[in-house]
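I have placed the structure first, in the form of structure tokens, so that the comments after it can refer back to it.
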Amino acid sequence: MEKKAPERKVRLREGDVFYVYDKRINKCIREDCEGTVKYGLTLKVIMPNGDALNTYECNQCHMKYTAYPNYVRLTEAGGLCIYNHKEVKARDQKRAADAAKHAARGKRKPFGHRTGHKK
Numbered sequence: 003m004e005k006k007a008p009e010r011k012v013r014l015r016e017g018d019v020f021y022v023y024d025k026r027i028n029k030c031i032r033e034d035c036e037g038t039v040k041y042g043l044t045l046k047v048i049m050p051n052g053d054a055l056n057t058y059e060c061n062q063c064h065m066k067y068t069a070y071p072n073y074v075r076l077t078e079a080g081g082l083c084i085y086n087h088k089e090v091k092a093r094d095q096k097r098a099a100d101a102a103k104h105a106a107r108g109k110r111k112p113f114g115h116r117t118g119h120k121k
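If you want it as structure tokens, here you go:
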């Protein structure tokens, strides 16, 4: 049987602060906090529109940590208070530019680079 971290569903509360990470962080990122991030319990934060955001929490200041791919899946992320907002916004802009560049290329055929055939 597959081991799975326990989950708890919670509603988005006013004052919740999120940190969106590319790589997991074990120690809390806030300057005035010496807490550790609890990866053993997944908090499913339910957004007002029904979206669920998988997060983890600092054991002292309770700031919530989420991976960037989870953040990207949200349909409405504008109302979140994000601790590292500048970095996340820069990632969003780079992602949008990359998507536009790929769309401009047009759809390519899968495995089109193979020209040889089996003999």
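Using the numbering used here, the first residue of the sequence shown is number 3, and each one after it goes up by one.
We treat Cβ as the ideally placed atom computed from N, Cα and C, and that holds for glycine.
These numbers come from a predicted model, not from an experiment.
Query: Reduced DSSP category for Y73 - H, G, I as helix; E, B as strand; rest coil; Result: helix
Query: Range covered by the beta strand (DSSP E) that runs through E78; Result: That residue, E78, is in no beta strand (DSSP E); it is neither H nor E in DSSP.
Query: Residues near Y2 by beta carbon distance below 8 Å, same chain, minus five either side; Result: Any question about residue 2 goes unanswered here, given that the chain covers just 3 to 121.
Query: Identity of the residue in C63, V90 and R107 nearest D34 by Cα; Result: C63
Query: Backbone secondary structure at A54 - three-state DSSP; Result: strand
Query: DSSP state of R10 mapped onto helix, strand, coil; Result: strand
Query: Residues of its chain near P8, where Cβ-Cβ distance is below 8 Å and the 5 sequence neighbours each way are ignored; Result: G42, L43 and T44
Query: Extent of the continuous beta strand (DSSP E) run through K29; Result: Per DSSP, K29 belongs to no beta strand (DSSP E) and is neither H nor E.
Query: Contact with chain B by A105, beta-carbon distance below 9 Å; Result: Of the chains in the structure shown, none is chain B; there is only one protein chain.
Query: Separation of R15 from A79, as counted between CA atoms; Result: 14 Å
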